[in-house]
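For reference, the structure discussed in these notes is given below.
2 protein chains.
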Amino acid sequence: MVNRMTEKNTEEKIVRAAEKVFIEKGLAGARMQEIADEAGINKALLHYYYRSKEKLFGIVFQTVFKGFVPNLLKLFEGPEDFFTKIERFVFVYLNLLEKNPNIPGFIIHEIGNNPERLVSIIRAMDINLQPVFDIIEDEIEKKTIKQIDPSELIINILALSIFPIVAKPLVQTIVFKGSEKDYKEMLEKRKTAIARFVISAIKITD
Amino acid sequence: MVNRMTEKNTEEKIVRAAEKVFIEKGLAGARMQEIADEAGINKALLHYYYRSKEKLFGIVFQTVFKGFVPNLLKLFEGPEDFFTKIERFVFVYLNLLEKNPNIPGFIIHEIGNNPERLVSIIRAMDINLQPVFDIIEDEIEKKTIKQIDPSELIINILALSIFPIVAKPLVQTIVFKGSEKDYKEMLEKRKTAIARFVISAIKITD
DNA sequence: GTCTATAAGGTGATAGAC
DNA sequence: GTCTATCACCTTATAGAC
Numbered sequence: 002m003v004n005r006m007t008e009k010n011t012e013e014k015i016v017r018a019a020e021k022v023f024i025e026k027g028l029a030g031a032r033m034q035e036i037a038d039e040a041g042i043n044k045a046l047l048h049y050y051y052r053s054k055e056k057l058f059g060i061v062f063q064t065v066f067k068g069f070v071p072n073l074l075k076l077f078e079g080p081e082d083f084f085t086k087i088e089r090f091v092f093v094y095l096n097l098l099e100k101n102p103n104i105p106g107f108i109i110h111e112i113g114n115n116p117e118r119l120v121s122i123i124r125a126m127d128i129n130l131q132p133v134f135d136i137i138e139d140e141i142e143k144k145t146i147k148q149i150d151p152s153e154l155i156i157n158i159l160a161l162s163i164f165p166i167v168a169k170p171l172v173q174t175i176v177f178k179g180s181e182k183d184y185k186e187m188l189e190k191r192k193t194a195i196a197r198f199v200i201s202a203i204k205i206t207d
Numbered sequence: 002m003v004n005r006m007t008e009k010n011t012e013e014k015i016v017r018a019a020e021k022v023f024i025e026k027g028l029a030g031a032r033m034q035e036i037a038d039e040a041g042i043n044k045a046l047l048h049y050y051y052r053s054k055e056k057l058f059g060i061v062f063q064t065v066f067k068g069f070v071p072n073l074l075k076l077f078e079g080p081e082d083f084f085t086k087i088e089r090f091v092f093v094y095l096n097l098l099e100k101n102p103n104i105p106g107f108i109i110h111e112i113g114n115n116p117e118r119l120v121s122i123i124r125a126m127d128i129n130l131q132p133v134f135d136i137i138e139d140e141i142e143k144k145t146i147k148q149i150d151p152s153e154l155i156i157n158i159l160a161l162s163i164f165p166i167v168a169k170p171l172v173q174t175i176v177f178k179g180s181e182k183d184y185k186e187m188l189e190k191r192k193t194a195i196a197r198f199v200i201s202a203i204k205i206t207d
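Those protein sequence lines, which keep their order, are chains A and B. Per the numbering used here: the first sequence = residues 2 to 207. Per the numbering used here: the second sequence = residues 2 to 207.
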């Protein structure tokens, strides 16, 4: 027990530093020197632990992606009301995004340069939306919600949640004339407003 | 009149080539050599016409951005029904995005690295959402739509329209298990489905 | 205006001492 | 394991001939 709790071994320090720099600058924009500085170590050590920039990036991408998708599907499990599940999902997800606002943009941008990477990661993670599809179709059958393609509903919820975060500079500048305060207020309101909007769109009220 | 119609002068050829490469690779990922090759000219000529990579990028970004925002606001003018305006906006916008699927991601990603650039461009373009805000507030007053923050409604429409395009690899891989056909079908359906969803969420039906 | 050649500096990666 | 020094290559940018 040489290290104190707050200290980390070199491998971990490197990955943390790489996460920060890659997320901020992207694969092409990141510099190995900057990652080394951020980790407080020498550049040569990066190559000692992780052979190349590409390899280090692959590990970082996988780590970041895994931390951001898996537990979300569980939010749709359980015996609660379907509308409650939507409310809970949006609330939890937006709080997660609020703490890591640059991650969705990072993932979306870097997938574009190398879609195969994502495919293999997803295969390994065994992600499956089918249970959520089934729940939605059940609700349609029970006539609690209107007829809608389950994939459409899922995409809509994700779009309403993620877009204001990834497009922050655009939204903040154009819609709120640059006001950080207004932007943040909007984000806070959306934690409940998105579910309200979605439910209002699909609920049957006759 | 030395050039035929299909040919372009060198400046234009450069900007076209730069647009293509910058949109595809981003500022950091683009190479001046690749732009020169794409334009069918020598690398030195790029610097002859546009002093630096940064300067060339600035011109390209401004061109691309201007071509993508301005005429959209006009879609909300006119005497038509408010719901018709939403339907028209989404339909026109999605057709535009379908033809240039990489542009939203390009804009969003590159703004992140340099928000000041956007601010000055927008200032120069004199974009103003106020008329659209006013229209929405009118509708609320007329009780044709439910109480909603106008900025929330605008953000929702943009989110539902843009997200599936910028996050194509993510959506296609996770929701449609990689199927290009299913993805394209979804996009085609959304040209009408988004407006239907939005209208269903805000319309007052009593 | 357009080219070839080359400068000047950056970048990923390795060698070798400790 | 960690460092310094350095290689080999790439990239932007410029000089100078035509």
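Beta carbons: idealized from backbone N, C-alpha and C, even for Gly.
Next on the checklist: Rounded to whole angstroms, what is the Cα-Cα separation between Gly113 of chain B and Asn129 of chain A?
Outcome noted: Position 112 of the second sequence, counted from the start, is the residue given in the question as residue 113 of chain B. Position 128 of the first sequence, counted from the start, is the residue given in the question as residue 129 of chain A. Near 32 Å, if we compare the C-alpha coordinates of Asn129 of chain A and Gly113 of chain B.
Next on the checklist: Checking the sheet assignment: what are the DSSP bridge partners for Lys204 of chain B?
Outcome noted: Translated into the one-based positions of the second sequence, residue 204 of chain B becomes position 203. Residue pairing from DSSP places Lys204 of chain B in a beta bridge opposite B:Ile146.
Checklist entry - Helix or strand or just coil, what does DSSP make of Phe58 of chain A? => result Mapped onto the first sequence, residue 58 of chain A falls at position 57. Looking at Phe58 of chain A - three-state DSSP - the assignment turns out to be helix.
Item to check | the region 91–111 of chain B in contact with the region 165–174 of chain B per 3-pair CB rule at 8 Å | outcome: Touching, yes.
Checklist entry - In chain B, which residues lie with their C-beta within 9 Å of the C-beta of Met187 of chain A? => result Residue numbering aside, residue 187 of chain A sits at position 186 when the first sequence is read from its first letter. Within chain B, the residues near Met187 of chain A are Asp150, Ser152, Glu153, Ile156.
Checklist entry - Using 7 Å as the limit for Cβ to Cβ distance, is Phe134 of chain A near chain B? => result As a working mapping, residue 134 of chain A is identified with position 133 in the first sequence. It does not: the Cβ of Phe134 of chain A has no partner Cβ on chain B nearer than 7 Å.
Checklist entry - Roughly how many angstroms lie between the CA atoms of Glu140 of chain B and Leu57 of chain B, to the nearest whole one? => result Your numbering for residue 140 of chain B matches position 139 in the second sequence. Your numbering for residue 57 of chain B matches position 56 in the second sequence. Rounded to the nearest whole angstrom, the C-alpha separation of Glu140 of chain B and Leu57 of chain B is 44 Å.
Checklist entry - Is the CB-CB distance between Ala202 of chain B and Phe84 of chain A below 7 Å? => result One-based indexing of the second sequence puts residue 202 of chain B at position 201. One-based indexing of the first sequence puts residue 84 of chain A at position 83. No, the Cβ-Cβ distance between Ala202 of chain B and Phe84 of chain A is not below 7 Å.
Next on the checklist: Can you check whether the C-beta of His48 of chain B is within less than 7 Å of a C-beta belonging to chain A?
Outcome noted: Here the question's residue 48 of chain B lines up with position 47 in the second sequence. Not an interface residue.
Next on the checklist: Let's see if you can read the secondary structure: which residues bound the alpha helix (DSSP H) around Tyr51 of chain A?
Outcome noted: Translated into positions along the first sequence, residue 51 of chain A becomes position 50. First-last for Tyr51 of chain A: undefined, no H or E at that position.
Item to check | Proximity test, Cβ basis, 7 Å: Ser121 of chain B and chain A | outcome: Locating residue 121 of chain B in the second sequence gives position 120, where the first residue counts as 1. Closer than 7 Å to the CB of Ser121 of chain B there is not a single CB belonging to chain A.
Next on the checklist: Please report the distance separating the alpha-carbon of Lys1 of chain A from that of Asp82 of chain A.
Outcome noted: The displayed coordinates of chain A run from 2 to 207. Any statement about residue 1 of chain A would go beyond what the structure contains.
Next on the checklist: Can you confirm whether Leu97 of chain A, when its beta carbon is compared against all beta carbons of chain B, has any partner nearer than 7 Å?
Outcome noted: By 1-based counting over the first sequence, the position of residue 97 of chain A is 96. It does not; no Cβ of chain B falls within 7 Å.
Next on the checklist: Distance cutoff 7 Å, beta carbons only. Does Ala19 of chain A sit that close to anything in chain B?
Outcome noted: Sequence index remark: in the first sequence, residue 19 of chain A carries index 18 (1-based). Interface annotation, Ala19 of chain A: not in contact with chain B, CB-CB separation never under 7 Å.
Item to check | Rounded distance between the beta-carbons of Val91 of chain B and Lys192 of chain B, thought under 8 Å | outcome: In the second sequence, the residue the question calls residue 192 of chain B occupies position 191. In the second sequence, the residue the question calls residue 91 of chain B occupies position 90. Contact between Lys192 of chain B and Val91 of chain B holds: CB atoms are separated by about 7 Å, below the 8 Å threshold.
Item to check | Beta-carbon proximity list for Ser121 of chain B, same chain, < 6 Å, skipping 5 on both sides | outcome: Here the question's residue 121 of chain B lines up with position 120 in the second sequence. Scanning its chain for C-beta atoms nearer than 6 Å, with the 5 sequence neighbours on each side dropped, one finds no residue around Ser121 of chain B.
Checklist entry - Is the CB of Gly59 of chain A under 7 Å away from at least one CB in chain B? => result Taking the first sequence and counting its residues from 1, one reaches residue 59 of chain A at position 58. No, its Cβ sits nowhere closer than 7 Å to a Cβ of chain B.
Checklist entry - First and last residue of the alpha helix (DSSP H) that includes Ser152 of chain B? => result By 1-based counting over the second sequence, the position of residue 152 of chain B is 151. Counting along the chain, the alpha helix (DSSP H) containing Ser152 of chain B begins and ends at 151–167.
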